[in-house]
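All remarks here apply to the structure that follows.
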Amino acid sequence: MSGSLVMQKPPVSSKNVVVIDLESRREEINPKLAKVLKKLLDPKFKLYNKDYLNLLLTHLTSKEHESKFTPHQIETHKKFLMIWLKGYVVQCERLQEPPNASLLTFVLNITRYLCESEQIFVHLNSDDIFERLVKIIKKVSQPTVTGAFIKLFGHFVEHKSGLQWMISTNHWELLVDIILNNETVFVYKEGNKFVAKMLEKSHSFNVPFCKNVIQHILVPLDECYKAIVDHSFTESQERWLISTLRLISEILYILLGPEAASTDSALIAVLLETFQLNKRLKEILAATTHSVIKGWVYRTVIYLSLYELKLKFIGNQRAGSHQKAEISPVVFNVLYEAANEISVPCMLLLLFTTLNCWNTIKASLPGSLLSNPKVVSFEDQLLAIQLMPMYTIFVKTIGFNVYTSDSEDSFRYTFISKLVDRIYPKTIRVKYKWQNYLLEHYSITNGILALKYFIHSKQLYSKENAILAFQMMIYLIEDLNTCLKEKPELQLQFINEPDYLDLHLKVIAMIIDEFQMTWQDTVESLCVLYIVYHLLNGLIWPTKIVVTALKLAEKGISKYMTFDLALLIDDTEDSIMHVLPALLRVKLHDGAWEVRDSTIELLQSLFMTAINTKFTSYKKLLLENDLPCSVLRMATDDGNPFVRASAVRCVHKAIEIPEFWEELTNSFNFYDIVLRILQYETEGIVRCEAATLVDCIFTHQSIPQDLMNSFYDVMNHAVVADLHWEVRVKALKFWKNIIDEHLTQQGMIDGSFPSVTFSKELKKIVTLSNLEVEKRLVRVLNELSQVGCLSVFYEALQDDCDIEVSKTATNTIKEFVDLLKNHQVTVQSLQVHTPAPTTPVSPVTEKVVFPPVAAPQIEVDDFIMPTAPSTPQYVPISDSILEDILDTRDLNLLETVFNKLDEPSFKNIDIKKRQALKPELFLNLVYTDLERRLVEKSQWREQTDSFQSLLDDILKEYDNVDVNNMDCY
């Protein structure tokens, strides 16, 4: 043991000695840390915010924290923690009541960090710290403490001294018993890792100990088997047996991993040969009828079977070329037996764990075996069985023969032929046996659970496996559509339980996303829009199904999953795209805002497709169905702010298409509508999209010169006065484009000035010398001052309320500031090159009155939104008003009393006027303070999460013991 780690053992009987030791080390470490750790030893101290301890632990033990210190400082730091740990143990031994669970968890994690060093472990063990900690831990039964306890002992077995201590103390028995009697997921997962690691580490030098541990684990198998045979099996024994089987199977799974050592195979051999595990499992299987117990037994047997397969090929990389290339028949025999012996949830869990274990050992098998074309994919076999509950739902509800025969549907025939070729005969036996069981115990919940397990298994399947599932799901929906045409009454079964069809469509969309599917992968992908259209057209479904179907259609459009899009054919006569716009127009009128929102998202994808392609016929169809104009109406009239925001976002894309832009500007006072949204819209998410829309208009189209001042005023208000920082950040992009536009007008190309350019003023080519560029940049500054751009950035840069605003402003203006610096534009340059103003400039403090933008009169044209705004405002009705209504029978009077239910409520906002900031003030700010402010804000943000700040917060909580956590909000 290193001399630097030798310390005086603190006497157990004196609390003062601990305090003295702590004080003696305070000069060598952070004094605030020493104070915090000392406060944590105070029995009266209650830490109300448990997150503080987690953050403190991260700062103390992370490698990132250690990288900031020298080896000597780290050693001093650990010495102090060791002294503090001993003080904590002494403190707990004096107290009669159980220790605080959160603090004890923190202590155990600190101990684990310290014991990564074998020398520190030996030193602490010499003071009997671990035995004393075990006694303290026994007083507390919190799962967090138990989990930290297990992880601590898991670190002990990483070095020889810790493993020897573990063997000599028999504390492992306590841990095994805790694991077998604990239902907390975190505890038993960590426990499984600990037991497997302990067996792996100990087997190489202490086989008797290893066998002793295994014997202790297997005790419940024998005792529970006797209880089952004697008909005295209790619920507690049932839980005990399930925990034991779970522990055994998890240990096997860990030992079968790709990184498992060679000793792990010997461990499994001990289980099979010395303890005859297979025989014991078969005895339990024959004696019990409990579905969960049988499921865990089958799982363990399959793991052992896969172990035999792995053992067959380990060390024999040529085995795949001459040995029989197939999965052990035991696996299929077990699945066949389990098909009608265990419940559907247990069977699905068995299939998932089998797939997971196979994926684990696959890395250990020779590549020649896995790449052999004669080898049937094991994943395909499990996939075919896993999706049987899904298939059974359609068999039960719509029957077998509702779809077109295979001879008439060549694509379906090709799919079925491929499926038959890829499925093992033994898999077919399992499939039909389980299908019969599923039909006898039919429940649509089984289909939902099967799809959830498929989602959970997605990382274990290849793209080829996923395509197989995708094809199957597409054909099932196609069959459903065909059946509903003939028997519409069958729809009621799916309406009553909408979760299944909703999840079915979501899984199809998930496969497209997760596996990056395109129309090139499978011909069935070209049917996505087709099945969605026929599912929605003419049928009334629950909202969640309609929304999911529309989202699936959106993915189909974005991935070009139609024949005409895939083949780049600009003809919609025989395409689903010919009828889809009419359906979407209907869905825009749906009573559920979620449906309208999803429809707009789908339209946005259609608009993007029209932008990126030359499909003139698509644009014509969208215009014929009045979709661009309908979306614009919804941007102002819909009662839901999320729908309005989506509509404005959709307009971003619409204005990029010349035909749509012409239609929008001819049908509406388009610019006034945009100004109205920015000025009167009360929801920040809508204004945020509107700010981006202004930028899109400026970039892709144009704003009339006579309206520029109005847009300048509104966008100035958006940056300097809007209450939502997202709106302010989006609006800054518009002002950045204003700067770029003015620079372009002065001859700048692609971020730099060329050597020569054409002067519009002189009407000739001029040379851009350094002096000329300087003059042009001064002109840009003066012009930006007049439009209010400099004032916008001046205020945004100094914003101390919204850090994101000042940060974005700094990053946005930095390129322009660098350009000014590179061309040496100074305050003196402004004085030399600025001409005398012909008209007086408004001073900084002057505010120009901005006339309110008139709300545009939009003709509704039968476009009635059925939902009310989020917060309708009602005016009290007086008797006189009621009498007037009754007398005149004029329903129009209601409009003066109530808000319209199909329109959002707007509030007039006083626009904060833009100001003409002198360029000199702007230059003084950006030249002297820009970099400094950027550094200061970065430092401030770092300090909010810094170690010192955390220590201050903990000490403040100690000083304010009566603090109310709600005071922070």
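If you're matching positions, the sequence shown starts at 1 in full-length UniProt numbering and goes up one per residue. Note that CB positions come from ideal geometry on N, CA and C, so glycine has one too. Values in this document were obtained by computation on a predicted structure and should not be read as measured data.
Report task. Under the assumption that Leu-383 contacts Ala-469 (Cβ atoms under 8 Å), give the Cβ distance between them as a whole number of angstroms. Result -> Position 383 of the sequence shown, counting from 1, holds the residue named residue 383. Position 469 of the sequence shown, counting from 1, holds the residue named residue 469. 6 Å between Cβ atoms; contact.
Query raised in the report: Under 8 Å between the Cβ atoms of Pro-143 and Phe-186?
Result: Locating residue 143 in the sequence shown gives position 143, counting from the first residue. Locating residue 186 in the sequence shown gives position 186, counting from the first residue. Yes.
Query raised in the report: Who are Lys-764's beta bridge partners in DSSP?
Result: Locating residue 764 in the sequence shown gives position 764, where the first residue counts as 1. Answer by DSSP bridge pairing, in chain order: Ser-759.
Requested in this report: Just grab the DSSP bridge partners of Ile-749 for me.
Outcome: Translated into the one-based positions of the sequence shown, residue 749 becomes position 749. DSSP, once it has assigned bridges, lists Ser-752 as partnering Ile-749.
Report task. List the whole-angstrom C-beta distance separating Leu-285 from Lys-279, where the pair is believed to meet the contact cut-off of C-beta under 8 Å. Result -> Within the sequence shown, the letter at position 285 stands for residue 285. Within the sequence shown, the letter at position 279 stands for residue 279. No, Leu-285 and Lys-279 are not in contact; Cβ-Cβ is about 11 Å, not under 8 Å.
Query raised in the report: Based on Cα-Cα distance, which residue from Tyr-500, Ser-265 and Asn-481 lies nearest to Leu-529?
Result: Along the sequence shown, one-based indexing puts residue 529 at 529. Nearest option by C-alpha distance: Asn-481.
Requested in this report: Assuming Leu-621 and His-578 form a contact by the criterion Cβ under 8 Å, report the distance between their Cβ atoms to the nearest whole angstrom.
Outcome: On the sequence shown, position 621 is the one that residue 621 refers to. On the sequence shown, position 578 is the one that residue 578 refers to. Contact holds; Cβ gap of about 7 Å.
Query - Any non-hydrogen atom of the ligand COA within 7 Å of Met-517 CB - result: You won't find the ligand COA in this model; it holds no ligand whatsoever.
Query raised in the report: Can you tell me whether DSSP reads Tyr-424 as helix, strand or coil?
Result: Numbered from 1 along the sequence shown, position 424 holds the residue referred to as residue 424. Coil.
**Report entry** Neighbourhood of Asp-499 by C-beta, 7 Å cutoff - its chain only, sequence neighbours within 5 removed
**Finding:** Mapped onto the sequence shown, residue 499 falls at position 499. Excluding positions up to five away in sequence, the list reads Ile-448.
Requested in this report: Go through its chain and collect everything with a Cβ distance to Leu-891's Cβ below 6 Å, but skip five positions before and after it.
Outcome: Position 891 of the sequence shown, counted from the start, is the residue given in the question as residue 891. Low confidence applies to Leu-891: its pLDDT is 37, below 50, so where it sits in the model is not reliable enough to give any reading.
Query - CA-to-CA distance, His-441 to Val-729, given in whole angstroms - result: Within the sequence shown, the letter at position 729 stands for residue 729. Within the sequence shown, the letter at position 441 stands for residue 441. Going by the C-alpha atoms only, they are around 57 Å apart.
Requested in this report: Please work out which residues of its chain come closer than 7 Å, Cβ to Cβ, to Ala-549, disregarding the five sequence neighbours upstream and downstream, and give them in chain order.
Outcome: Counting from 1 along the sequence shown, the entry for residue 549 is found at position 549. Excluding positions up to five away in sequence, the list reads Leu-505, Val-532, Leu-535 and Leu-536.
Query raised in the report: Using a Cβ-Cβ cut-off of 7 Å (strictly less than) and excluding sequence neighbours within five positions of Phe-216, which residues of its own chain qualify?
Result: As a working mapping, residue 216 is identified with position 216 in the sequence shown. It should be pointed out that residue 216 corresponds to His in this sequence rather than to Phe. Within the same chain, His-216 has close Cβ partners Glu-173 and Val-176.
Query raised in the report: Taking the runs of the alpha helix (DSSP H) that are 4 residues or longer, which of them lie wholly in the stretch 192-232?
Result: 207-229
Requested in this report: Report yes or no: do the stretch 715-734 and the stretch 663-675 share at least 3 C-beta pairs separated by less than 8 Å?
Outcome: no
Report task. May I have a chain-ordered list of the alpha helix (DSSP H) segments no shorter than 4 residues that lie completely inside the stretch 89-140? Result -> 101-114, 118-126 and 129-137
Query - Buried/exposed call for Val-727, threshold 16 Cβ in 10 Å - result: On the sequence shown, residue 727 is found 727 positions in, with the first residue counted as 1. Its Cβ being crowded by 16 or more others within 10 Å, Val-727 is buried.
Query raised in the report: Where does Asn-170 fall in DSSP's three states?
Result: The sequence position of residue 170 within the sequence shown is 170, counting from 1. In the structure shown, Asn-170 sits in coil (DSSP, three-state: anything other than H, G, I, E or B).
Query raised in the report: Taking three-plus beta-carbon pairs below 8 Å as touching, is the stretch 472-487 in contact with the stretch 424-438?
Result: no
Report task. Tell me whether the beta-carbon of Phe-494 lies closer than 8 Å to the beta-carbon of Leu-503. Result -> As a working mapping, residue 494 is identified with position 494 in the sequence shown. As a working mapping, residue 503 is identified with position 503 in the sequence shown. It is not a contact, given that the beta carbons lie outside the stated cut-off.
Requested in this report: Mind the definition here: the stretch 594-605 touches the stretch 636-655 only if three or more C-beta pairs lie below 8 Å; say whether that holds.
Outcome: yes
Query - Range covered by the alpha helix (DSSP H) that runs through Ile-697 - result: The residue labelled residue 697 in the question sits at position 697 within the sequence shown. Per DSSP, Ile-697 belongs to the alpha helix (DSSP H) from 684-700.
Query - Option nearest Met-715 by Cα separation, candidates Leu-790, Ser-232 and Ser-667 - result: Counting from 1 along the sequence shown, the entry for residue 715 is found at position 715. Minimum Cα distance to Met-715 is reached at Leu-790.
Query - Own chain, CB closer than 6 Å to residue 972, minus 5 neighbours either side, in chain order - result: The question about residue 972 has no answer, for the chain in this structure spans 1 to 969.
Requested in this report: Output the distance between the C-alpha atoms of Gln-435 and Pro-389, rounded to the nearest integer angstrom.
Outcome: Looking up residue 435 in the sequence shown gives position 435. Looking up residue 389 in the sequence shown gives position 389. Roughly 8 Å separates the two Cα atoms.
**Report entry** Reduced DSSP category for Met-561 - H, G, I as helix; E, B as strand; rest coil
**Finding:** Numbered from its first residue, the sequence shown carries residue 561 at position 561. The answer is coil: DSSP assigns Met-561 none of H, G, I, E or B.
Query raised in the report: If Cys-346 sits next to Val-301, beta carbons under 8 Å apart, how far is it from one beta carbon to the other, in whole angstroms?
Result: On the sequence shown, position 346 is the one that residue 346 refers to. On the sequence shown, position 301 is the one that residue 301 refers to. Their Cβ separation, rounded to whole angstroms, is 14 Å, which puts Cys-346 and Val-301 out of contact at 8 Å.
Query - Reduced DSSP secondary structure (H/G/I, E/B, other) of Pro-143 - result: Start at 1 with the first residue of the sequence shown, and residue 143 comes out as number 143. It is helical.
Query raised in the report: Under the three-state reduction of DSSP, which class applies to residue 983: helix, strand or coil?
Result: Since the first and last residues shown for the chain are 1 and 969, residue 983 lies out of range.
Query - Alpha-carbon spacing of Ser-605 relative to Tyr-560, whole angstroms - result: Numbered from its first residue, the sequence shown carries residue 605 at position 605. Numbered from its first residue, the sequence shown carries residue 560 at position 560. Cα to Cα, Ser-605 sits roughly 10 Å from Tyr-560.
Report task. For Ser-31, name the three-state secondary structure that DSSP assigns. Result -> One-based indexing of the sequence shown puts residue 31 at position 31. The sequence shown places Pro at residue 31, rather than the Ser named in the question. In the structure shown, Pro-31 sits in a helix (DSSP, three-state: H, G or I).
Query raised in the report: So, Ala-101 versus Val-140, is the Cβ gap smaller than 8 Å?
Result: On the sequence shown, position 101 is the one that residue 101 refers to. On the sequence shown, position 140 is the one that residue 140 refers to. Cβ atoms of Ala-101 and Val-140: closer than 8 Å.
Query raised in the report: Would you call His-123 buried or exposed, if buried means 16 or more other Cβ atoms sit within 10 Å of its Cβ?
Result: The residue you call residue 123 lines up with position 123 of the sequence shown. His-123 should be labelled buried.
Report task. Would you kindly work out how many angstroms separate the C-alpha atoms of Leu-337 and Arg-246, rounded to a whole number? Result -> As a working note, residue 337 is residue 337 in the sequence shown. As a working note, residue 246 is residue 246 in the sequence shown. Note that residue 337 corresponds to Glu in the displayed sequence, not to Leu. Roughly 20 Å between the two C-alpha positions.
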